[in-house]
Amino acid sequence: MAGKVMQAVQFVGYGGGAAALKHVELPVPTPTKGEVLLKLEATSLNPVDWKIQKGVLRPIMPRKFPYVPATDVAGEVVEVGPEVKNLKAGDKVVAYLNPLYGGGLAEFAVAKESLTVQRSPEVSAAEGASLPVAALTAHQALTQPAGVNLDGSGPQKNILVTAASGGVGHYAVQLAKLGNTHVTATCGARNIDFVKSLGADEVIDYKTPEGAALKSPSGKMYDAVIHCASGIPWSTFEPNLSARGKVIDLTPGPSALWTFAVKKLTLAKKQLVPLLAVPKSENLDFLVNLVKEGKLKSVIDSKHPLSRAEDAWAKSMDGHATGKIVVEP
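Residue 89 in UniProt numbering sits at position 89 of the sequence shown, with consecutive numbering throughout.
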C-alpha cells in the first residue's frame, strides 16, 4: 500500500467540537512489527474521543497533532507486518487502536495484532466496531470489582446501572443479566421500554423523584452500581447500597477520587471504586462471540458516512445517543 493515499478526519489542536474536524488526504499507514493494516468498514465513537479533543487528557493524549481520533474499529486485514502470527490478509476483524495515536476516522488504520480479534460473518462490522471501549468497560466493571460471574453461577447480586441506554450502559445491562443478578437501571423516559428489552428487571426515569434518589422500586439494596452517568454525588448512592456495596465509577472526577481515598483510608465497608479500563484481547474475543451467539446485542443509534463524521461527533457530544454511534468509510 506504500505511496497510496486515503481519506481521513483529524483535528489540529484542542477545542472546537465538530466544527474543528478537518477532512484530509493522508498516506495509507504501513504496519510495523506486530501490526496489521486494516481496510476499515466501521468505526464507533466514544465520549473519550471528544474529551481528548477538549483537552481533558492533556498532556498525555493526544501524543501529537494533527490527530486522527477514534479507536474502536472493524474491517479487513489487507497487509501484515513482521512477526504477525495469527492473522492474514482477508481476515475480518475487530480491533482496538492505541488511543495515544488514534486513527479510527479514516479509510485505513494500523492495529496491534495483540488487540485485534477475528470476527465471524454473523457479526456485522458496525456491531463489532461498537464493542471495544464500551463493552470491554462494562465487562471489566461487572467481572472484577462487582464480582459477577457471567456464567450465572454464584449468589444473586443486586446491580444498578445508571445511564443504561448509552454505549456502556446498554452492554452493562445485558452482560449483568448473563450472571445471577437483579438489575435496576436508570434512563430517560423515552428509553424505558428499550432498557427493559435489554433485560433490566426494573427501570426508573432519572428525572422523577424516585429516579433522582436512585431508589429501587422493589426496595432492593445494591451490591454494586455500574455508574455510567456523571454528576451524582456519593450521598445519593450511599443509602441505597448493601452493607458492602460498591459504586464503580467509569468516569471518575476529582470529587469521586476524593471519596475513593477517604473510603479507603477510613476502611469503610461501602466503597467507591474508580475504574480504569484495561483492554484485553481475550475479553474482546469473548464479547465478539457473545454477539455471534445472539447473547449480546450491539444497539446502533445511528450510522454516518466518513464524509459526514462531524454529524456523528456532534451527536456523541450531545450525550443522548441510544446505544452506539457508528461512522462508515
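Here a beta-carbon is modelled for each residue, glycine too, at the ideal position from N, C-alpha and C.
Judging by CA-CA distance, which residue of the options is the nearest neighbour of residue i?
i, options, result
"W234", "K220, T32, P82, A213", "A213"
"L38", "P27, V48, V73", "V73"
"A200", "A163, K207, G231, S230", "A163"
"G211", "V161, A277, V148, V56", "V161"
"T116", "A189, K220, G34", "G34"
"V148", "S165, E127, A172", "A172"
"V94", "P121, P69, T208", "P121"
"I159", "F237, S114, F194", "F237"
"A243", "T30, S281, Y67, L267", "L267"
Between residue i and residue j, which are expected to be in contact by the criterion C-beta below 8 Å, what is the C-beta distance as a whole number of angstroms?
i, j, result
"residue 333", "D311", "The shown model of the chain, from 1 to 329, leaves out residue 333, and the question about it has no answer."
"Y222", "L241", "6 Å"
"V278", "Q118", "Contact flag wrong, Cβ pair sits at about 21 Å."
"D91", "E76", "7 Å"
When you compare only the Cα positions, how much space is there between residue i and residue j?
i, j, result
"A129", "D205", "29 Å"
"H227", "K4", "44 Å"
"C187", "K85", "44 Å"
"V203", "K297", "19 Å"
"T143", "L150", "7 Å"
"Q174", "H23", "36 Å"
"R190", "K315", "17 Å"
"S165", "A146", "20 Å"
"S230", "N46", "15 Å"
"P99", "K280", "14 Å"
Helix, strand or coil for residue i? Go by DSSP, reduced to three states.
i, result
"T184", "strand"
"Y67", "strand"
"Y101", "coil"
"Q53", "helix"
"M221", "coil"
"R58", "coil"
"R308", "helix"
In chain order, what residues of the same chain have a beta carbon less than 6 Å from the beta carbon of residue i, not counting five sequence neighbours either side?
i, result
"L287", "L131, A135"
"D285", "V117"
Near residue i, what residues of its chain come up, given a Cβ to Cβ distance below 7 Å and the 5 sequence neighbours on each side ignored?
i, result
"V168", "A134, T137, A138, C228, L250"
Please work out which residues of its chain come closer than 8 Å, Cβ to Cβ, to residue i, disregarding the five sequence neighbours upstream and downstream, and give them in chain order.
i, result
"K263", "K270, Q271, L272"
"M6", "E25, L26, P27, V28, A106, E107, F108"
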